[in-house]
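*Asks:* Right, I'll just put the structure down here and ask away after.
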Amino acid sequence: MINKIMTSKKSIIGIIPVVIAATMLFSGCGSDTASQTEQTPVSVTVNVAEFTSGQNGLSFPAQVESKHQANLSTIVMGTVTRSTVNVGDKVKKDDVLIRIKDDQIRAQKMQLEANMIQAKANLENTEKNFNRIKNLYADNSATSKELDDIRTMYEGAKANVNALEAGLREVNEMLNYTVIRAPFDGIVTRKFVETGDMASPGHPLLSVSDPNQIKFTASIPEGMIQQVREGMNIKINVSAAGLHQVEATISAVSEAGDRGSRQFAVEAVLSDQVEVSGLKPGMFAEMNVPTEKDNRLYIPKSAVIERGQLTGIYTISDDNVALLRWVKTGNQSGDFIEVISGLKPGEQYVNAPDMNIRQGQLLRVIQ
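Residue numbers (the working numbering): 2 to 368.
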């Protein structure tokens, strides 16, 4: 009898843990179901991944420059007496931009002009004597020495006048460099001196460029220069100006590379139909040079999230649940980035996910 009671107690003790475990299991499942039911969906927009028919290409950093730009300087040394423009000012051709003190040069010009009057008078008198002696010599009334002497004096007088004329041309040229004028219509992009500063030969005073005549410059490594040729059609991106994949043409390729960097200078210009009003010299650009045609999958950069060294996107399941998927990205093109692996054409992904989206988050797709 005692043995039966002990056996019954052991059976009951063995059943109790099983019942407790089953109770906890069902309780847990009920909690998960309740939490999923209570979760508030996050509204998102989605895109469908699709191939972009394009070309393999090489991308190079470039810079927006003006085809007409000039660093204005002077050949004289003097104090800047007037500076009429500032950076950003629009100027017209031949507008006076800077004046340099010219008192000494004008004094030198006055001295040369006075010497010129004397030299011309001397030349006129010497020429008369030369003609008179030459006529006398023809009548055998003057010696050859007298003719040679007067000819020497005459040639010397002419040389003196010529030297003074050259000096006056040089002085006038120097005076021209005391008044710095705009070489063409444009804007002032840089200014290096102010009123009262000392202007020196060879040192720039200001820079002027024409913003309506735009070009793009880039440096191409020697290993890739063979894939670039003059006349090639390329694409240009300028994010600051809102330009994406606009048509351009390679206008110049340097035949000699830089000995230090082993890179070659390349220039490109936009097609005639492209609007350039938003472009400004100095902006950063991207030059895309095509190589061979293929299909690539591009998505907006706004769809990409980063977790340390990993790059991912959120896809959406059949029951509208966010699924974090790690992807491998490639080349960038403007506001888009290439997805090499991790996403297939036809799959949906979340565009511009916010901070509220997590793995398993319920989503509400809006149009």
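Idealized CB from N, CA, C, for every residue including glycine.
Of all Cβ atoms in chain D, is any one closer than 7 Å to the Cβ of V290?
*Replies:* Included in the structure is just one protein chain, with no chain D present.
*Asks:* Nearest-angstrom Cα distance between Y178 and V81?
*Replies:* Rounded to whole angstroms, Y178 to V81 spans 12 Å at the Cα level.
*Asks:* Within a Cβ cutoff of 7 Å, which residues of the same chain sit near R152, ignoring the five residues on either side of it in sequence?
*Replies:* These residues qualify, in order along the chain: F131.
*Asks:* Taking just the CA atoms, how far does N213 sit from D273?
*Replies:* Cα-Cα distance, rounded: 12 Å.
*Asks:* If we call anything under 7 Å between Cβ atoms a contact, is A286 one with I237?
*Replies:* Yes, they are a contact pair.
*Asks:* Quick check: the Cα distance between W327 and M284, rounded to an integer number of angstroms?
*Replies:* If you take the alpha carbons of W327 and M284, they lie about 34 Å apart.
*Asks:* Count the other CB atoms, across all protein chains shown, that sit within 10 Å of the CB of L311; report buried if there are 16 or more and exposed otherwise.
*Replies:* That one is exposed.
*Asks:* Given a cut-off of 7 Å, decide if S318 and Q264 are closer than it, judged by their beta-carbon atoms.
*Replies:* It is not a contact, given that the beta carbons lie outside the stated cut-off.
*Asks:* Looking at C-beta atoms only, is the number of pairs between the stretch 95-107 and the stretch 230-249 that lie closer than 8 Å three or more?
*Replies:* No, because fewer than three Cβ pairs between the stretch 95-107 and the stretch 230-249 fall closer than 8 Å, the two stretches do not touch.
*Asks:* According to DSSP, K102 sits in a beta bridge with which residue or residues?
*Replies:* Bridge partners of K102: none, in fact.
*Asks:* When the Cα atoms are used, what is the spatial distance from M78 to Q119?
*Replies:* Rounded to whole angstroms, M78 to Q119 spans 30 Å at the Cα level.
*Asks:* What residues in its chain sit with their C-beta under 7 Å from that of I134, if we drop five residues either side in the sequence?
*Replies:* Contacts found: A143, E147, L148, I151.
*Asks:* Take G343 as the anchor and find which of F337, L325, A353, P354 has the nearest alpha-carbon.
*Replies:* It is L325 whose Cα lies nearest to the Cα of G343.
*Asks:* Give me the Cα-Cα distance between A323 and V267, rounded to the nearest whole angstrom.
*Replies:* Near 46 Å, if we compare the C-alpha coordinates of V267 and A323.
*Asks:* Ordered along the chain, which non-local residues of its own chain (more than five positions away) have a Cβ less than 6 Å from that of M233?
*Replies:* Correct list, in chain order: I251.
*Asks:* Since V158 is in the alpha helix (DSSP H), which residue starts that stretch and which ends it?
*Replies:* Looking at the sequence shown, residue 158 is not Val but Ala. That run of the alpha helix (DSSP H) goes 145-177.
*Asks:* In its own chain, which residues sit with a C-beta less than 7 Å from the C-beta of N332, not counting the 5 before and 5 after it?
*Replies:* Answer for N332: S60, E339, listed in chain order.
*Asks:* Helix, strand or coil: how does DSSP classify T41 here?
*Replies:* Coil.
*Asks:* With A50 and G347 assumed to form a contact (beta carbons below 8 Å), what rounded beta-carbon distance in angstroms separates them?
*Replies:* Their Cβ separation, rounded to whole angstroms, is 7 Å, which keeps A50 and G347 in contact under 8 Å.
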